[in-house]
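Counting in this note's numbering, the first sequence runs from -5 upward without gaps.
Each residue gets a CB set at the ideal place from its N, CA and C atoms; glycine is no exception.
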Amino acid sequence: MATRMCGRAGEPAVRKGPWTLEEDLILVSYISQNGEGSWDNLARTAGLNRNGKSCRLRWLNYLRPGVRRGSITPEEDMVIRELHSRWGNRWSKIAKHLPGRTDNEIKNYWRTKIHRKPRRSQLQEPCDDAVAMGMATSEAASTSSQSQASSTVWDEYMQTSSSFPHPELVGSVAAAGHHLEMAGLDEVAAHFVPTDFGFNDCFWNFVDNFWETMPVSDMV
DNA sequence: AACTTATTCAACCGCATAATG
DNA sequence: ACATTATGCGGTTGAATAAGT
């Protein structure tokens, strides 16, 4: 996914495409200090070369405290099916009944795991609801390809370490954000992330630890 | 091994509605 | 009451990657 840039002549181009760790850090840091909302203004004053919509989406779907990033559980699957049968594609309404899940995630789950067409190679196989359910569950149990790539080191640590969270990871994203202004991402990684891990491997835990120590209700 | 097809999911787009001046 | 701006929602896209041939 290449990052795109666009904008009117004479104005700085607005970034599009995947968010970088650096941008995430800036956004989390800014919101931790100033609260959320006024997204266009937030994007400007935080120094993020993104539009407000993009910032809001990134925050609500991935960075805000309480967002669950694991697989959909069989129980959640049942809730989704039940609520969808009742309300149809009212994803945000359904998401309100699944704490930590976002409308985007549920929408993607519905389309890819529940409502998808079977593969050609699976057309010979029985494809009733029970099979579809089992497939959804087993696939949910395995991590996605993207998280697989970045979680290996972290999973290894989780299996072997007795202390959680990793003491070297405990810190403040706000402090890191401040440090970022002074030094840049590599420097932040060097100061806030243990050397055994890559920045990407630790980022989510890093953010989670931050929210654990600073509930959102206290910071705004 | 090389190529094609299918799948996943983060992110964007357009529209509707709410809030504000 | 109307225009403008901000926010929220649902549909869709597209790059990365896994699976299949």
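| task | Classify valine 73 as helix, strand or coil using the three-state DSSP reduction. | result | Taking the first residue of the first sequence as position 1, residue 73 is located at position 79. Here valine 73 sits in helix by DSSP.
| task | Use the C-beta contact count for lysine 107: other C-beta atoms within 10 angstroms, 16 or more gives buried, fewer gives exposed. | result | Reading the first sequence from its first residue, position 113 is the one you call residue 107. By the neighbour-count rule (16 or more Cβ atoms within 10 Å), lysine 107 is buried.
| request: May I ask which residues mark the beginning and end of the beta strand (DSSP E) holding valine 8? | output: Here residue 8 refers to the residue found at position 14 of the first sequence. Run containing valine 8: 8 to 10, per the beta strand (DSSP E) assignment.
| Reduced DSSP secondary structure (H/G/I, E/B, other) of lysine 90 | Mapped onto the first sequence, residue 90 falls at position 96. Three-state result, lysine 90: coil.
| query | Based on Cα-Cα distance, which residue from Trp104, Leu57 and Ser48 lies nearest to serine 26? | reply | If you number the first sequence from 1, residue 26 lands on position 32. Measuring from the Cα of serine 26, the nearest candidate turns out to be Leu57.
| What did DSSP end up calling proline 59 once you bin it into helix, strand or coil? | Translated into positions along the first sequence, residue 59 becomes position 65. Coil at proline 59, not helix or strand.
| field | Boundaries (first-last residue) of the alpha helix (DSSP H) holding lysine 107 | value | Start at 1 with the first residue of the first sequence, and residue 107 comes out as number 113. Neither: lysine 107 is in no alpha helix (DSSP H) and is coded neither H nor E.
| query | So, helix, strand or coil for serine 32, using DSSP? | reply | For the purposes of this step, residue 32 is taken as residue 38 along the first sequence, with counting starting at 1. Three-state result, serine 32: coil.
| request: Quick one: give me the first and last residue of the alpha helix (DSSP H) that alanine 84 is part of. | output: Your numbering for residue 84 matches position 90 in the first sequence. Before going on, a small fix: residue 84 reads as arginine here, not alanine. It is not in any alpha helix (DSSP H) - arginine 84 carries neither H nor E in the DSSP assignment.
| query | Quick one: Cα of arginine 38 to Cα of arginine 62, how far? | reply | Residue 38 sits at position 44 when you count from the first residue of the first sequence. Residue 62 sits at position 68 when you count from the first residue of the first sequence. Near 28 Å, if we compare the C-alpha coordinates of arginine 62 and arginine 38.
| task | Could you name the residues of the same chain whose beta carbon sits closer than 6 Å to that of tryptophan 33, not counting the 5 residues immediately before and after it, in chain order? | result | Numbered from its first residue, the first sequence carries residue 33 at position 39. Here the set comprises Gly46, Cys49 and Arg50.
| Cβ atoms of tryptophan 81 and lysine 87: under 7 Å apart, would you say? | As a working mapping, residue 87 is identified with position 93 in the first sequence. As a working mapping, residue 81 is identified with position 87 in the first sequence. Taking C-beta atoms as the reference points, lysine 87 and tryptophan 81 count as a pair closer than 7 Å.
| If you compare alpha carbons, which of Glu76, Ile74, Arg84 and Leu54 is closest to valine 22? | Locating residue 22 in the first sequence gives position 28, where the first residue counts as 1. For valine 22, the nearest C-alpha among the options comes from Leu54.
| query | To the nearest angstrom, how far is it from the Cα of glutamate 99 to the Cα of methionine 72? | reply | The residue you call residue 99 lines up with position 105 of the first sequence. The residue you call residue 72 lines up with position 78 of the first sequence. Taking the straight line joining both Cα atoms gives about 15 Å.
| said: I need the DSSP call for isoleucine 66, collapsed to helix, strand or coil. | reply: Taking the first residue of the first sequence as position 1, residue 66 is located at position 72. Coil, per DSSP.
| task | Have a look at tyrosine 24 and asparagine 43 and give me their C-alpha separation to the nearest angstrom. | result | Counting from one through the first sequence, the residue named residue 24 turns up at place 30. Counting from one through the first sequence, the residue named residue 43 turns up at place 49. Looking at the two C-alpha atoms, the distance is approximately 14 Å.
| Start and end residues, alpha helix (DSSP H) containing leucine 51 | Counted from its first residue, the first sequence places residue 51 at position 57. DSSP places leucine 51 in the uninterrupted alpha helix (DSSP H) bounded by 46 to 52.
| query | What distance in whole Å lies between the Cβ atoms of alanine 40 and isoleucine 20, which are believed to be in contact at a cut-off of 8 Å? | reply | Along the first sequence, read from residue 1 onward, the residue named residue 20 stands at position 26. Along the first sequence, read from residue 1 onward, the residue named residue 40 stands at position 46. Right, their Cβ atoms sit about 6 Å apart.
| 8 Å Cβ shell around lysine 101 - same chain, five flanking residues per side excluded | On the first sequence, position 107 is the one that residue 101 refers to. Hits under 8 Å: Asn83 and Trp85.
| field | Which of helix, strand or coil DSSP assigns to arginine 38 | value | Along the first sequence, one-based indexing puts residue 38 at 44. Under the three-state reduction of DSSP, arginine 38 is assigned to helix.
| Exposed unless 16 or more other CB atoms sit within 10 angstroms - verdict on glutamate 70 | Taking the first residue of the first sequence as 1, we reach residue 70 at position 76. So glutamate 70 counts as buried.
| task | Quick one: grab the DSSP three-state call for tryptophan 13. | result | For the purposes of this step, residue 13 is taken as residue 19 along the first sequence, with counting starting at 1. Three-state DSSP puts tryptophan 13 in coil, outside helix and strand.
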